[in-house]
Amino acid sequence: MTTLLFSHPASLGHDTGPGHPESQARLGAIDQALTAEAFHDLKREASPRAGLEPILRVHPPAYAAAIEAAIPTKGIAYLDADTPVSHGSWEAILHSVGGGIAAVDAVMRGDADNAFVVTRPPGHHASQTNAMGFCLFNNAAIAARHAQAAHGAERIAIVDFDVHHGNGTQAIFWADLSVLYCSTHEMPLFPGTGAASETGAHGTIVNAPLAPGADGFIFREAIEAVVLPRLIAFAPDLVIISAGFDAHWRDPLASLNLTEADFAWVTTQLMEAAEHCCDSRIVSLLEGGYDLVGLGRSTAAHVAALMGSGYFSPSTGS
Ligand SMILES: [Zn+2]
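Numbering (my numbering), first residue to last: 4 to 321.
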């Protein structure tokens, strides 16, 4: 497998203020984890700066302009109680979006089998017109629309294993036959959506809520019974992963009990499905993950699995 890693130092410029869980330190934890010997051959590229055009395929111009206008010259401004922006946030946003787009370009052109993008701020709670839950622009939705507009992809599947439901992604694609959205998430939990009965206007929304305390066994059962059959039946041209690692047992914002081995396992399952459906094309975008140790280990397990390295065995927990 050829795996590309996209990141950009501009992500560090998104300052969420003291004590905020979606902190700049998350990037250091990921960088540190990816210095291990297993990642010596991982190809790395800088996430380019996106223009507005791909963003406007998902978000209306007035919304994009309002976000840009909300960026303060100094200090921190709050779009809602959870969602701050600082002077460096706009560049962080554009490079996060741009990383997703470049990853789609690389994978759709066949320059890489798959790619992981260190996107920050995350995106899956952002709807067309609403920033919330640390998210401003929906990176996964923008990447999906780019794959369709620039590469002629007809069907996109977005699989979201962040511990929170991706209400923004669900809202964007609620009535869209060309995009399958599948989510596992803890419920009840922020943002409150994601019941199994929420299936979209055409049945292309697939929610598999998990009860608080659910462990890897229950998670794997949900992936096998609910997500994988729908993913394979949909036969996408590209699989996008909303890769949040806050379902890790150490995470302070939720109470699922996954291990890094579970993240390696689900990654491998999605790769097998993608091999079957779409020549292995996967673009994975970072969403949440707020315990620095759990985030580092889980990202490493996920990326190692994408590389097909077998470095982290899905069968062993830790
Ligand atoms: Zn989350």
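Each residue gets a CB set at the ideal place from its N, CA and C atoms; glycine is no exception.
Keep in mind that this is a model prediction, so the values were computed, not measured.
Straight-line measurement puts the Cα of Pro21 at about 43 angstroms from the Cα of Pro232. Taken through DSSP and simplified to helix, strand or coil, Arg47 comes out as strand.
Around the beta carbon of Gln272, 16 or more other beta carbons sit within 10 angstroms, so the residue counts as buried.
Apart from sequence neighbours up to five positions away, the residues of its chain that approach Ala32 with a beta-carbon distance below 6 angstroms are Leu295, Leu298, Gly299, ordered along the chain. If you check the CB distance, Thr19 and Ser26 come in under 8 angstroms.
If you look at Asn142, you'll find it in the alpha helix (DSSP H) that goes 142-154. Under DSSP, Ser283 takes part in no beta bridge, so it has no partner.
Here Ala238 is not near Glu290, since their CB atoms are 8 angstroms or more apart. The three-state reading of DSSP puts His23 in coil, since its state is none of H, G, I, E or B. Comparing alpha carbon positions, the residue from Ala303, Thr196, Ala144 closest to Val100 is Ala144.
A distance of 8 angstroms or more separates the beta carbons of Leu37 and Leu30.
The Cβ atoms of Phe220 and Leu213 do not sit closer than 8 angstroms to each other.
With respect to Phe119, Leu261 sits apart: the two C-beta atoms are not nearer than 8 angstroms.
Cβ neighbours of Ser301 within its own chain (closer than 6 angstroms, five residues either side excluded): Phe248, His251, Glu263, Phe266. Counting along the chain, Tyr293 sits inside no beta strand (DSSP E), nor does DSSP assign it H or E at all.
The DSSP-derived three-state label of Ala13 is helix. Distances from the CB of Gly291 to the heavy atoms of ligand 1 include at least one below 7 angstroms. If you draw a straight line from the Cα of Ala160 to the Cα of Gly206, it comes to about 13 angstroms.
Between Val209 and Val229, the C-beta spacing is below 8 angstroms. Thr202 sits in coil when the DSSP states are folded into three classes, being neither helix nor strand. Within its own chain, the residues whose Cβ lies closer than 7 angstroms to the Cβ of Lys77, once the five positions on either side in sequence are excluded, are His90, listed in chain order.
Less than 8 angstroms divides the Cβ of Ile226 from the Cβ of Thr187. Between the alpha carbons of Ala95 and Val107 lies a distance of about 19 angstroms. The C-alpha of Phe137 lies about 26 angstroms from the C-alpha of Arg47.
DSSP, reduced to helix, strand and coil, places Met190 outside both helices and strands of the structure shown, so it counts as coil. Between Pro194 and Gln131 the beta-carbon gap is near 15 angstroms, outside 8 angstroms, which marks them as no contact. Out of Tyr293, Pro215, Ala304, the CA that lies nearest to the CA of His23 is found in Tyr293.
Closest in C-alpha terms to Ala53, from the list Ala68, Ala105, Ile243, comes Ala105.
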